[in-house]
Amino acid sequence: MAKAVKLRKPQAQKRGPGKTPVSLKVNHGLHTIFVEPRRTLLDALRKDLGLIGTKKGCDEGTCGSCTVLFDGKPVYACLMLAIECEGHEIETIEGLSQGDQIHPIQQAFIEHDAFQCGFCTPGQILSVKALLDANPSPSADDVKRAVSGNLCRCGAYPKIVQAALKAAERLKS
Amino acid sequence: MKNFQYVNAPDVEDAVSLLQEPGTKAVAGGTDLLTELKERIKMPEILVNLKTISDMKYIREEKDDLRIGALATLSEIELHRMVRERFPILKEAISVTATPQLRNAATLGGNLCQSVRCWYYRHPDVKCWLKDGDMCYAEDGVNSRHAIFGNSTCIAVHPSDLAPALIALDARIRIAGSEVEGELLLEEFFTLPTETHRQSTLLGAADLVTEVIIPHRFGPSNGVYLKAMERATWSFMLVSAAVQLEWKGDRVREARIVLGGVAGKPWRVREAEAMLQGQTLSEGLAQSVGEAAVANAKALKHNAYKIPLARNLVKRGLLELTRRKA
């Protein structure tokens with residue numbers, strides 16, 4: 001008779017405090033970087049992967065300029081550790097364009113003048129993208145709510161809303 | 001941020017045993033903890049990641065209750081059909097919490113266990129009483145966001161929006177750990193910090209919140225969460241009120257009134273609740289209940305505005321529920 005074998009659980013493995021390999025899926029590509037566990041996703045994107053489209057504003061979750069998509073949902077990259085993103089899909093502003101072709105949301109932002117200084121724009125666009133992926137026909141209020149976690153100190157909000165609604169229209173047709 | 005070791009917890013049992021090592025902290029959504037790590041308010045040697053525990057992230061309907069795993073994110077709870085239909089008060093509380101980005105990362109357990117927002121506590125160079133220092137700097141300092149109830153040396157307020165709403169729903173909480181284990185009323189989970197236990201929950205260093213249980217006792221649409229804030233999004237409450245009623249015909253059978261932003265823990269006002277029992281609601285009664293809710297409040301130098309704010313939120317909540325019922 002076969003004897004039941006009780007397997008020991010693998011010991012949870014501690015990593016760090018020195019540099020340790022971390023594999024990140026960013027814009028559909030897999031990258032392995034060598035970082036300390038304290039490396040935030042934001043610093044990993046900007047410093048280790050050179051993806052400087054994601055901006056560093058407050059670095060404490062109160063501005064929204066570091067917004068990226070984590071498994072399709074907007075999050076603040078400054079409040080996540082790179083090491084905890086292993087196994088998840090990260091999308092940054094660089095992932096939106098295809099070759100020379102910019103994304104319809106980006107096009108709509110240009111046409112509607114939906115930014116002045118542009119520092120908050122990558123985050124705004126990713127928040128809008130997550131909204132349109134989940135809800136292709138949003139109302140103006142839906143858009144306002146979707147970008148309520150992205151500060152624009154130039155005050156371009158009305159044009160951001162217009163651009164998002166225009167992009168929604170185009171993406172549907 | 002001081003450097004640390006990092007380990008993924010495979011299950012609750014291992015997480016609890018990992019947390020018994022001194023200098024260890026648990027992390028889930030990280031939206032609160034990371035801000036404290038960056039300011040060196042907390043400097044753990046080891047971070048235990050709870051998000052790898054697969055059986056703590058669920059929202060499950062059962063016959064007598066709704067069970068929510070501690071790792072469910074605020075967005076997942078807010079969008080859940082059952083929560084929207086049966087517990088609108090919880091949906092309302094989440095929808096005015098933080099921002100979409102934060103709600104996508106923040107977890108239920110983390111929201112209940114978050115640290116206070118007091119600017120003296122949050123200052124890296126101030127060693128206040130709550131950080132094992134000698135004194136509370138808010139008492140004689142700037143205390144416009146601080147408590148109007150409670151008798152703790154620390155006068156910071158508990159910042160959770162979910163906690164008052166869940167207490168108003170008679171929610172229970174389940175804990176796994178070495179010091180506390182089992183299930184208790186969420187209301188009893190929160191404590192005012194004391195000399196020997198300087199924190200706002202019962203949790204010991206190696207204890208974990210695993211689940212919140214909401215009983216199916218109140219009918220739908222019988223609760224409201226009102227939050228006074230500096231702007232319409234992305235801010236902690238100045239004062240909030242969770243009001244939940246159980247009707248019997250035109251009369252109130254039972255009431256729950258829990259205030260947020262007024263004490264070191266969610267503040268339930270039983271005397272005010274009792275005034276509603278068996279009564280029909282009128283504007284006059286709503287006013288009296290609001291006044292009773294703040295009868296024992298004591299203002300500090302800069303926060304007297306919180307007293308009329310709390311009174312009026314209670315009144316408005318009661319009138320709003322009456323309106324919704326009609």
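Listed in order, the protein sequences are those of chains A and B.
The first sequence begins at 1 in the UniProt record's numbering and counts up one residue at a time.
The second sequence begins at 1 in the UniProt record's numbering and counts up one residue at a time.
Built from N, CA and C at the ideal position, the CB exists for glycine as well.
| Check | Outcome |
| --- | --- |
| Span of the alpha helix (DSSP H), counted from its first residue to its last, around V16 (chain B) | V12 to L19 |
| Three-state secondary structure assigned by DSSP to V83 (chain B) | helix |
| Any C-beta of chain B under 8 Å from that of S137 (chain A) | no |
| For S173 (chain A) and P138 (chain A), the rounded distance between their alpha carbons | 15 Å |
| Near the ligand NAP: A292 (chain B) beta-carbon under 7 Å from a heavy atom | With respect to the ligand NAP, the structure offers nothing, as it holds no ligand at all. |
| Chain A contacts made by the segment 124–136 of chain B, where a contact means CB separation under 7 Å | none |
| Proximal chain A residues relative to I46 (chain B), where beta-carbon distance stays under 8 Å | K14 |
| Distance CB(L42 (chain A))-CB(A77 (chain A)) smaller than 8 Å | yes |
| Residue from B:H216, B:H158 and B:S235 whose Cα sits closest to the Cα of T201 (chain B) | B:H158 |
| Inter-residue spacing [alpha-carbon to alpha-carbon] between R251 (chain B) and Q279 (chain B) | 5 Å |
| Residue from B:W267, B:A228 and B:A274 whose Cα sits closest to the Cα of T97 (chain B) | B:A228 |
| Sequence-distant residues of its chain with Cβ nearer than 7 Å to T40 (chain A) (five each side left out) | A77, C78, M80, L81 and A82 |
| Span separating the alpha-carbon of A168 (chain B) from that of G16 (chain A) | 43 Å |
| Classification of M43 (chain B) by the beta-carbon crowding that lies within 10 angstroms, buried from 16 upward | exposed |
| Cβ pair count under 8 Å reaching 3, the segment 264–283 of chain B against the segment 239–254 of chain B | yes |
| W129 (chain B) (DSSP reduced to helix, strand or coil) | helix |
| Run of the beta strand (DSSP E) containing N8 (chain B), from where it starts to where it stops | Q5 to N8 |
| Best match in B:R145, B:V116 and B:P22 for proximity to K131 (chain B) [C-alpha to C-alpha] | B:V116 |
| Neighbour flag for G61 (chain A) against chain B, beta carbons, 8 Å | yes |
| Whole-angstrom distance between V16 (chain B) and L285 (chain B), CA atom to CA atom | 49 Å |
| Nearest residue (CA-CA) to R311 (chain B), options B:L276, B:A272 and B:K325 | B:A272 |
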